[in-house]
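Each residue of the sequence shown is one higher than the last, beginning at 23 in our numbering. Yeah, the Cβ is synthetic: ideal placement off N, Cα and C, and Gly gets one too. Structure first, commentary second.
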Amino acid sequence: MNEIHSLAIARQNAHPTGSPRYYENQYTEHIIGMAGELAFGKRYCLNVDKSIRPDGDGHVDFRAVMNNGKAITIDIKTAIKAYNLLIKEWEIDDCSLVLVLAQYDPANEEVSFLGWQTKGIMRTMPKKVFSSLGIMNYFCPRDQLRRMEELDELFKAHEIKDASIELHIEPDRK
23 MNEIHSLAIA
33 RQNAHPTGSP
43 RYYENQYTEH
53 IIGMAGELAF
63 GKRYCLNVDK
73 SIRPDGDGHV
83 DFRAVMNNGK
93 AITIDIKTAI
103 KAYNLLIKEW
113 EIDDCSLVLV
123 LAQYDPANEE
133 VSFLGWQTKG
143 IMRTMPKKVF
153 SSLGIMNYFC
163 PRDQLRRMEE
173 LDELFKAHEI
183 KDASIELHIE
193 PDRK
C-alpha cells in the first residue's frame with residue numbers, strides 16, 4: 023500500500039462517522055485529497071501535514087511565510103471531476119487565504135493543478151448546490167481561476183517558505 027492510501031485510511035478511520043461522503047468507498051475522498059496535498063507539497067517544497075486529526079485540518083493544508091514575514095495559508099481542493107473550485111458556504115469565513123484546484127486521475131494516480139484563487143475573490147463568487155448532498159458552495163469555474171504559473175511566480179518573488187508545525191495526535195491513554 024502506498025503512502026497516499028495509508029494516510030487516507032488513517033484519516034478516515036479517525037472519524038468514521040463524520041460527514042457524508044460522495045463515494046461508496048469511504049476512503050476515496052481522503053485518497054483524492056492526500057494525492058493533491060502530496061503533489062502540491064512536492065511542487066513547492068512544502069511539508070505535508072501527515073498528522074491524523076479526528077476533527078479535520080481546519081481548512082488549511084499548508085502554512086507558509088513570505089520574505090516580508092507575512093503568513094499565508096493554502097488549501098488544496100482536489101477532485102476527479104474538477105470543473106469548479108468549490109468552497110462550502112459554511113467554511114468561507116475559516117478557509118485558507120489561497121485556494122488551489124487540482125484534478126486527480128485515479129487510473130494513473132496523477133494530479134494536475136488547474137488554477138487558484140484567493141479567499142477574498144471566492145467570497146464574491148456565486149453560490150450553488152452541486153451534488154445530492156445538498157451542500158451550498160461558492161464556486162469559480164476553472165477557466166476563471168488564476169493560472170498556476172502566477173502562483174509559481176509569487177512563490178519565487180516572495181521567497182515563500184514552509185512554516186508548518188507538525189502536530190501529532192497522541193493516542194488516548196487509559
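> If you run the structure through DSSP and keep just helix, strand and coil, what is Ile53?
Replying inline: Translated into the one-based positions of the sequence shown, residue 53 becomes position 31. Residue state, collapsed to three classes: helix.
>> Judging by CA-CA distance, which residue of Met144, Ile98, Met170 and Asp184 is the nearest neighbour of Ile53?
In response: Here residue 53 corresponds to residue number 31 of the sequence shown, with the count starting at 1. Selected option, being the one with the closest Cα: Ile98.
> For Pro163, which residues from the same chain have a beta carbon less than 6 Å from its beta carbon, with the 5 sequence-adjacent residues on both sides left out?
Replying inline: Within the sequence shown, the letter at position 141 stands for residue 163. Cβ within range, chain order: Asn106.
>> Between which residues of its own chain and Glu59 is the CB-CB distance below 6 Å, once the five residues before and five after are set aside?
In response: The sequence position of residue 59 within the sequence shown is 37, counting from 1. So the list reads Val70, Asp83 and Ile98, once near-sequence residues are dropped.
> Cβ of Ala179 within 8 Å of Cβ of Arg85?
Replying inline: In the sequence shown, residue 179 corresponds to position 157, counting from 1. In the sequence shown, residue 85 corresponds to position 63, counting from 1. In this structure, Arg85 does not lie closer than 8 Å to Ala179 by Cβ.
> For the candidate residues Ser28, Ala57 and Tyr160, whose alpha-carbon lies nearest to that of Lys110?
Replying inline: On the sequence shown, position 88 is the one that residue 110 refers to. Of the listed residues, the one whose Cα sits closest to Lys110 is Tyr160.
>> Per DSSP, what are the beta-bridge partners of Leu107 in this structure?
In response: Numbered from 1 along the sequence shown, position 85 holds the residue referred to as residue 107. Answer is Cys162, bridged to Leu107.
> How is the alpha helix (DSSP H) around Gly173 delimited, first residue to last?
Replying inline: Working through the sequence shown from its first residue, we reach residue 173 at position 151. A small correction: the amino acid at residue 173 is Leu; Gly does not occupy that position in the sequence shown. Note, Leu173: alpha helix (DSSP H), Met170 to Ala179.
>> Determine whether the beta carbon atoms of Tyr126 and Val133 lie at a separation below 8 Å.
In response: For the purposes of this step, residue 126 is identified with residue 104 of the sequence shown, where counting begins at 1. For the purposes of this step, residue 133 is identified with residue 111 of the sequence shown, where counting begins at 1. Yes, the Cβ-Cβ distance between Tyr126 and Val133 is below 8 Å.
> DSSP on Lys99, reduced to helix/strand/coil?
Replying inline: Numbered from its first residue, the sequence shown carries residue 99 at position 77. Reduced to three states, the DSSP call for Lys99 is strand.
>> Within a Cβ cutoff of 8 Å, which residues of the same chain sit near Met144, ignoring the five residues on either side of it in sequence?
In response: Taking the first residue of the sequence shown as 1, we reach residue 144 at position 122. Taken in chain order, the residues that qualify are Leu107, Ile109, Ile114, Cys117, Leu121, Tyr160 and Cys162.
>> Thr100 and Gly55 - do their beta-carbons sit closer together than 8 Å?
In response: Taking the sequence shown and counting its residues from 1, the one referred to as residue 55 is at position 33. Taking the sequence shown and counting its residues from 1, the one referred to as residue 100 is at position 78. Cβ atoms of Gly55 and Thr100: closer than 8 Å.
> Roughly how many whole angstroms lie between the Cα atoms of Ser73 and Ala57?
Replying inline: By 1-based counting over the sequence shown, the position of residue 73 is 51. By 1-based counting over the sequence shown, the position of residue 57 is 35. Rounded to whole angstroms, Ser73 to Ala57 spans 15 Å at the Cα level.
> Taking Ala61 as the reference, which of Leu123, Leu176, Lys149 and Arg169 has the closest Cα?
Replying inline: Your numbering for residue 61 matches position 39 in the sequence shown. When each option's Cα is compared against that of Ala61, the closest is Leu123.
>> Cutting at 7 Å between CB atoms, please list the residues of its own chain near Asn89, excluding the five before and the five after it.
In response: Against the sequence shown, residue 89 aligns to sequence position 67. Correct list, in chain order: His180 and Glu181.
> Nearest to Ile94 by alpha carbon, out of Asn130, Thr140 and Cys67?
Replying inline: On the sequence shown, position 72 is the one that residue 94 refers to. Comparing Cα positions, the closest option is Thr140.
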